[in-house]
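Colleague: Quick one: this structure, given as structure tokens, is what I'll be asking you about.
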Amino acid sequence: MEKTIETIALHGGILCLDFVNTVYAWTPERKGEFLHGFDDLVRFAKRHTIISEEEQRIILERKQGRQAMYDRAVVLRDLIYELFSQYITERKVSESVLKKFNHFLTEARTHLQLEYTETGFQQILVTQNKESEKIVWAIVLSVADTLISDKLSRLKRCGSCGWLFLDTSKNSSRRWCDMQVCGSQIKAKNYYHRMKDKQM
4 MEKTIETIAL
14 HGGILCLDFV
24 NTVYAWTPER
34 KGEFLHGFDD
44 LVRFAKRHTI
54 ISEEEQRIIL
64 ERKQGRQAMY
74 DRAVVLRDLI
84 YELFSQYITE
94 RKVSESVLKK
104 FNHFLTEART
114 HLQLEYTETG
124 FQQILVTQNK
134 ESEKIVWAIV
144 LSVADTLISD
154 KLSRLKRCGS
164 CGWLFLDTSK
174 NSSRRWCDMQ
184 VCGSQIKAKN
194 YYHRMKDKQM
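In terms of the working numbering, the sequence shown opens at residue 4 and continues consecutively.
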């Protein structure tokens, strides 16, 4: 059965990582796409409860700005991957990458407000007829939250497909996004090479 944006595994552990993982793999030879267009972006947002059913209906009824919104989301996805990858590899992020991200962050934070509910205060995104923008803003805020929390120390990149995930294992020894898929592929490949070496 072919996987879609509504059925792909959510191995990231948090919103921004699941968004980054909407490609088949981040390795050049295997890169494919699950986020095929604006409608898929909206489906992803609904799956992650970024938007309500009513907001989904409103967004899908609008015909203007769809391609621009999708293109912007893809640019953001690539930027987030670059930002997190730099941190995983170098334990720092370049000024140019951070500057680009801060442009998104500044915009997102201008739409944040506090609301008091039965359970206490909570932050909400005020859309002001920009429901589709809410998708990008929520993802951006998820990145910012990750960067200033203890989640950052558990951030890892899959050794097979390049997907990003939070390592929640007790001894922080997880190497793959999914042991049954990527882990098995690596083990099978290593076994093949060992057998070939024995034959030589």
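Beta carbons are placed, not taken as given, at the ideal position from N, Cα and C, and that holds for glycine.
Just so it is clear, the structure is predicted and the values come from calculations on it, not from any experiment.
Residue ranges of each beta strand (DSSP E) run of no fewer than 3 residues wholly in the region 134–184, ordered along the chain?
Modeller: 158–160, 167–169
Colleague: Check E58 in the structure and name its three-state DSSP category.
Modeller: The count along the sequence shown starts at 1 and reaches residue 58 at position 55. In the structure shown, E58 sits in a helix (DSSP, three-state: H, G or I).
Colleague: How is E36 classed by DSSP in three states: helix, strand or coil?
Modeller: Translated into the one-based positions of the sequence shown, residue 36 becomes position 33. Three-state result, E36: strand.
Colleague: Roughly how many angstroms separate the alpha carbons of D81 and L169, rounded to a whole number?
Modeller: Walking along the sequence shown from the start, residue 81 turns up at place 78. Walking along the sequence shown from the start, residue 169 turns up at place 166. Going from the Cα of D81 to the Cα of L169 covers about 18 Å.
Colleague: Nearest-angstrom Cα distance between W166 and D43?
Modeller: As a working mapping, residue 166 is identified with position 163 in the sequence shown. As a working mapping, residue 43 is identified with position 40 in the sequence shown. Roughly 19 Å between the two C-alpha positions.
Colleague: Report back the beta-carbon spacing between A147 and L18 to the nearest angstrom; my notes put them in contact at under 8 Å.
Modeller: Along the sequence shown, read from residue 1 onward, the residue named residue 147 stands at position 144. Along the sequence shown, read from residue 1 onward, the residue named residue 18 stands at position 15. A147 to L18, Cβ: 11 Å. No contact.
Colleague: So is S135 buried or exposed if we call it buried at 16+ other beta carbons inside 10 Å?
Modeller: Position 132 of the sequence shown, counted from the first residue, corresponds to residue 135. S135 is buried by the Cβ-count criterion.
Colleague: Over the uninterrupted beta strand (DSSP E) stretch that includes I127, give me the two end residues.
Modeller: Numbered from 1 along the sequence shown, position 124 holds the residue referred to as residue 127. I127 -> beta strand (DSSP E) spans 123–128.
Colleague: Which partner residues of V26 appear in the DSSP bridge assignment?
Modeller: Translated into the one-based positions of the sequence shown, residue 26 becomes position 23. The beta-bridge partner set that DSSP reports for V26 consists of E36.
Colleague: What is the DSSP secondary structure of Q131, counted as helix, strand or coil?
Modeller: In the sequence shown, residue 131 corresponds to position 128, counting from 1. In the structure shown, Q131 sits in coil (DSSP, three-state: anything other than H, G, I, E or B).
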